[in-house]
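Colleague: After the structure tokens below, expect a handful of questions from me.
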Amino acid sequence: MITKRFHGDDEEECRLQCEPFIQALEQRLSQQPFLMGSTPSLLDFALQLPFVRQYSRVNRQHYLHGSYTHLQNWLKHHLQSRLFSRAMLKYPLWLETHEENILGKPASLET
381 MITKRFHGDD EEECRLQCEP FIQALEQRLS QQPFLMGSTP SLLDFALQLP FVRQYSRVNR
441 QHYLHGSYTH LQNWLKHHLQ SRLFSRAMLK YPLWLETHEE NILGKPASLE T
């Protein structure tokens, strides 16, 4: 199944434009566990994680059956990490709850 949220009919063309970058990431990750070495860095979290996460979802089958084993393992590591799950905490839409939520937990989630 192909996600069709924000792109038009040029999915294949866009994928081919991304391919050299994805291959460079795969090559780098074949030599070390994270993009800048043995520990995660800002490059892993801020720049590459959002891009690779989106790339992996556009054409899931292509991504899963491609030759990106190191990139897949890297992404899986991040998606399953406690840090990622905490950063991606889903907040209720303000329009639904009208709860105050300023840079922290919404009132309904505080313990």
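Quick note on numbering: the sequence shown equals residues 381 to 491 in this note's numbering.
All residues carry an ideal CB built from backbone N, CA and C; glycine is no exception.
Predicted model, so just to flag it, every value in this text is computed and none were measured.
#1: I'd like the list of long-range same chain contacts for S436, defined as Cβ closer than 7 Å, with 5 residues on each side in sequence excluded.
#2: Using alpha carbons as the reference points, say which of F464, T449, F425 lies closest to Q411.
#3: Within a Cβ cutoff of 6 Å, which residues of the same chain sit near T491, ignoring the five residues on either side of it in sequence?
#4: If you count every other CB in all the chains shown that lies within 10 Å of the CB of Q397, and 16 or more means buried, which is it?
Modeller: Well, looking at it:
#1: Excluding sequence neighbours, S436 sits near Y443, L455.
#2: Here the closest residue by C-alpha is T449.
#3: Here the model assigns T491 a pLDDT of 49, short of 50, so the residue's position is not dependable, and the following value carries that caveat. Cβ neighbours of T491 beyond the five flanking positions: none.
#4: Exposed is the call here.
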